[in-house]
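Single-structure report; data block below.
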Amino acid sequence: MKLLGFLPFFALPLAFAATKDIKSQLVSLAATGNCVIRLDASAFDLLTAPNRDWSASIHFTALDKRRRCAPCKEFDPAWNSVAKAWATVPAEQRDNHFFATLDFDEAPTVFQKLNLASAPVVWVYGPTEGPRASARNVPSKYDFSNGFEAEPLAQHLSNHTPIPIPYKAPIDWARWITFISGLLGFALTLRFIAPVLQSRWTWAAITIVTSLTMTGGFMFTRIRGSPYTGADGSWIAGGYQNQFGQEVQVVALIYGTLAFSVVMLTMIVPYQTSPARQRLQVYLWSGVLMLIYSVLVTLFRVKNRGYPFKLLL
């Protein structure tokens, strides 16, 4: 009877040998699968054995075409990239943490046992024995709020691995090619439009358009957040303290036409060599000036019914 008390001590070497045998199987499976163990129900039980001195990151997915799991297909390359980075660490650390993938069609009973109703899911099982063992024997679940990218996944899993995962994002050649192409395109465009940008007439036109827009009341409508038109489709707001966005365009056009008529009468018409052409242009631009100014006066009368003056309209 006294010998029965010593039986647990004799069982310790056997349990240790069994654990070592399971771990060697897992190392062999990881090496065969390029550092990712393809799990079925029995391999899952081995990887999550209750007496383990290793940790494991397990990817639950459903990659079969019949499942139509677009997130699974989107996340799978990121998972394999992180696992491939872990394969580069020394064996003494690599063999203490395993990456595994369990597809629904290969082990549906595991999904049922764990109450998993969606995919992809990543759980991290910590060791139950050894210096890295945790008193809270509950798997940690990865939060996909950061998306399906590999870098945040590697950062999260590094909190559970013996050493940080040496993941480095691959060079985004498409991004660099797009950037360089855009830079070259901008340089070529600048080369051809440089004469236009250096012309004083270009900047004169920009200055005039900006002045007319601001004079028309653009900043007034921006500061007040005025709508483009009224609720009934009208583009003129009643009163001098109200203005619609479309009204700015009309007022700017009126001021611009008036200014252009004056410029033509003072800068162009006097230099006409033909008296008949000069006389015709005087009548033309004077008529435009009178007509457009009467439109401006009419606009004042629409905004304020008490405005007493009018010209032609």
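Under the working numbering, the first residue of the sequence shown is numbered 828, with each subsequent residue one higher.
Heads up, the beta-carbon is just placed ideally off N, CA and C, and yes, glycines get one too.
Here the structure is a predicted model, which is why all the values come from computation and not from measurement.
Have a look at Ala960, Ala889, Val909 and Pro997 and flag the residue whose alpha-carbon is nearest the alpha-carbon of Ala944. Walking along the sequence shown from the start, residue 944 turns up at place 117. Nearest of Ala960, Ala889, Val909 and Pro997 to Ala944, Cα basis: Ala889.
Assess, as a yes-or-no matter, whether the region 870-887 is touched by the region 847-854 under the definition of 3 or more beta carbon pairs within less than 8 Å. yes
Residues near Gln789 in its chain [Cβ-Cβ closer than 6 Å; skip 5 each side]: Any question about residue 789 goes unanswered here, given that the chain covers just 828 to 1140.
Which residue comes first and which comes last in the beta strand (DSSP E) that contains Phe926? Your numbering for residue 926 matches position 99 in the sequence shown. It spans His924 to Asp930 - the beta strand (DSSP E) in which Phe926 sits, taken as one unbroken run.
Since I believe Phe887 is in contact with Pro947 (beta carbons under 8 Å), could you give me their beta-carbon distance rounded to a whole number of angstroms? Taking the sequence shown and counting its residues from 1, one reaches residue 947 at position 120. Taking the sequence shown and counting its residues from 1, one reaches residue 887 at position 60. Right, the Cβ-Cβ distance comes to about 7 Å (below 8 Å), so this counts as a contact.
Just confirm the distance between the C-beta atoms of Asn986 and Ala914, as a whole number of angstroms; I'd bet it's less than 8 Å. Translated into positions along the sequence shown, residue 986 becomes position 159. Translated into positions along the sequence shown, residue 914 becomes position 87. Going by Cβ atoms, the distance from Asn986 to Ala914 rounds to 19 Å, so no, they are not a contact pair.
Which whole-angstrom value describes the C-beta separation of Phe1071 and Thr1084, a residue pair presumed to lie in contact below a C-beta threshold of 8 Å? Counted from its first residue, the sequence shown places residue 1071 at position 244. Counted from its first residue, the sequence shown places residue 1084 at position 257. With a Cβ gap of about 20 Å, Phe1071 and Thr1084 do not count as contacting.
Considering only residues of the same chain and omitting the five flanking positions on each side of Glu976, which have a CB-CB separation below 8 Å? Translated into positions along the sequence shown, residue 976 becomes position 149. Correct list, in chain order: Ala905.
Helix, strand or coil for Ile1063 per DSSP? Against the sequence shown, residue 1063 aligns to sequence position 236. It is coil, neither helix nor strand.
According to DSSP, what are the bridge partners of Val951? To locate residue 951, count along the sequence shown from 1; it is residue 124. Val951 is bridged to Ser884 and Ser967.
Please return the same chain residues whose Cβ sits closer than 6 Å to the Cβ of Gln1099, not counting the five positions on each side in sequence. In the sequence shown, residue 1099 corresponds to position 272, counting from 1. Closer than 6 Å at the Cβ level, and outside the excluded window around Gln1099, lie Gln1105.
Could you tell me how far apart the beta carbons of Ile990 and Leu984 are, in whole angstroms, since I believe they sit closer than 8 Å? Mapped onto the sequence shown, residue 990 falls at position 163. Mapped onto the sequence shown, residue 984 falls at position 157. About 11 Å separates the two Cβ atoms, so there is no contact after all.
Assuming Ala912 and Ala981 are in contact, meaning their beta carbons sit under 8 Å apart, how far apart are those beta carbons, in whole angstroms? Along the sequence shown, one-based indexing puts residue 912 at 85. Along the sequence shown, one-based indexing puts residue 981 at 154. Indeed, because the Cβ distance is near 7 Å, the residues count as touching under 8 Å.
From the DSSP output, which residues share a beta bridge with Ile1004? Position 177 of the sequence shown, counted from the first residue, corresponds to residue 1004. DSSP, once it has assigned bridges, lists no residue as partnering Ile1004.
Can you tell me whether Val937 is buried or exposed, with buried defined as 16 or more other CB within 10 angstroms of its CB? On the sequence shown, residue 937 is found 110 positions in, with the first residue counted as 1. Answer is buried; the Cβ neighbour count reaches 16.
Candidates Asn1069, Val1075 and Thr875: which alpha carbon is nearest Glu956's? Reading the sequence shown from its first residue, position 129 is the one you call residue 956. For the residues Asn1069, Val1075 and Thr875, the minimum Cα distance to Glu956 belongs to Thr875.
Test item: CB-CB of Leu1039 and Ala1079 under 7 Å: Translated into the one-based positions of the sequence shown, residue 1039 becomes position 212. Translated into the one-based positions of the sequence shown, residue 1079 becomes position 252. In this structure, Ala1079 lies closer than 7 Å to Leu1039 by Cβ.
Should Leu929 and Leu866 be called a contact, given that it needs their Cβ atoms to be closer than 7 Å? The residue labelled residue 929 in the question sits at position 102 within the sequence shown. The residue labelled residue 866 in the question sits at position 39 within the sequence shown. Contact: yes.
Here's the rule I'm using: 16 or more other beta-carbon atoms within 10 Å means buried, otherwise exposed. How should Gln1068 be labelled? For the purposes of this step, residue 1068 is identified with residue 241 of the sequence shown, where counting begins at 1. Looking at its Cβ environment, which holds fewer than 16 other Cβ atoms inside 10 Å, Gln1068 is exposed.
Inter-residue spacing [alpha-carbon to alpha-carbon] between Tyr1110 and Gly1133: Walking along the sequence shown from the start, residue 1110 turns up at place 283. Walking along the sequence shown from the start, residue 1133 turns up at place 306. Each residue's Cα considered, the two are about 32 Å apart.
Buried or exposed for Trp1030, please, with buried defined as at least 16 other CB atoms from any protein chain shown within 10 angstroms of its CB. The count along the sequence shown starts at 1 and reaches residue 1030 at position 203. With fewer than 16 Cβ atoms within 10 Å of its Cβ, Trp1030 is classed as exposed.
For Ile1081, which residues does DSSP report across the bridge? For the purposes of this step, residue 1081 is taken as the residue at position 254 of the sequence shown. In the DSSP output, where bridge partners are listed per residue, Ile1081 has none listed.
Roughly how many angstroms separate the alpha carbons of Trp950 and Ile1004, rounded to a whole number? On the sequence shown, residue 950 is found 123 positions in, with the first residue counted as 1. On the sequence shown, residue 1004 is found 177 positions in, with the first residue counted as 1. Whole-angstrom Cα-Cα distance: 37 Å.
Residue interval of the beta strand (DSSP E) (run including Val772): Because the chain in this structure spans residues 828 to 1140, residue 772 falls outside the shown range and cannot be described.
Run the CB neighbour count on Thr1037, radius 10 Å, all protein chains shown included, and call it buried at 16 or more, exposed below. As a position in the sequence shown, residue 1037 is number 210, starting the count at 1. The residue is exposed, with fewer than 16 neighbouring Cβ atoms inside 10 Å.
To the nearest whole angstrom, what separates the beta carbons of Phe925 and Ile864, a pair I think is in contact under 8 Å? Position 98 of the sequence shown holds residue 925. Position 37 of the sequence shown holds residue 864. Rounded, the Cβ-Cβ distance is 6 Å, consistent with contact.
Distance check for Asp903 and Arg894, CA to CA, integer angstroms please. In the sequence shown, residue 894 corresponds to position 67, counting from 1. In the sequence shown, residue 903 corresponds to position 76, counting from 1. Whole-angstrom Cα-Cα distance: 15 Å.
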